[in-house]
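Chemist: Under this note's numbering, the letters of the sequence shown match residues 390 to 471, in that order. Below you will find the structure I want to go over with you.
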Amino acid sequence: LLATPLLIAAVEISQPSGDLDDALIRQVVSDDTIILLDAEAHGHFSKFKLQFGKSYASEEEHDYRFGVFRENLRRAKLHQKL
């Protein structure tokens with residue numbers, strides 16, 4: 390029980406602030422789960438694009454938007470577990 394705050398503090402010190410959420414997510418999910426989340430995110434993103442008529446001018450913009458969508462989906466799932 391006391392090790393958890395120490396572990397979080399160690400991760401926070403060793404990780405840049407932008408990577409903290411990813412580091413915490415990796416602590417609670419396996420690599421297989423992350424792969425499943427990516428596959429699930431692609432499906433949700435495709436539905437999102439269809440539902441809201443989204444299209445992107447370049448592959449780079451599409452990849453960027455998908456990355457943002459995927460991270461938001463992961464954060465939402467993490468918050469739902471809390």
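Virtual Cβ for every residue (Gly too), placed ideally from N, Cα, C. No experiment lies behind these values; they were computed from the predicted model shown.
On the criterion of 16 or more Cβ atoms from any shown chain inside 10 Å, does A428 qualify as buried, or is it exposed?
Modeler: Along the sequence shown, one-based indexing puts residue 428 at 39. So A428 counts as exposed.
Chemist: If we ignore side chains and look at the alpha-carbon of each, how far apart do H469 and K436 end up?
Modeler: What you label residue 469 is simply residue 80 of the sequence shown in a count that begins at 1. What you label residue 436 is simply residue 47 of the sequence shown in a count that begins at 1. The sequence shown places Gln at residue 469, not His. One C-alpha to the other measures close to 21 Å.
Chemist: Note down the Cα distance separating G432 from K438, rounded to an integer number of angstroms.
Modeler: Translated into positions along the sequence shown, residue 432 becomes position 43. Translated into positions along the sequence shown, residue 438 becomes position 49. Near 10 Å, if we compare the C-alpha coordinates of K438 and G432.
Chemist: Suppose you measure from the CA of F441 to the CA of L467; what does that come to, to the nearest Å?
Modeler: For this step, residue 441 is matched to residue 52 along the sequence shown. For this step, residue 467 is matched to residue 78 along the sequence shown. Cα to Cα, F441 sits roughly 25 Å from L467.
Chemist: Rounded to the nearest angstrom, what separates Y453 and R464 at their Cα positions?
Modeler: The sequence position of residue 453 within the sequence shown is 64, counting from 1. The sequence position of residue 464 within the sequence shown is 75, counting from 1. Approximately 17 Å between the Cα atoms of the pair.
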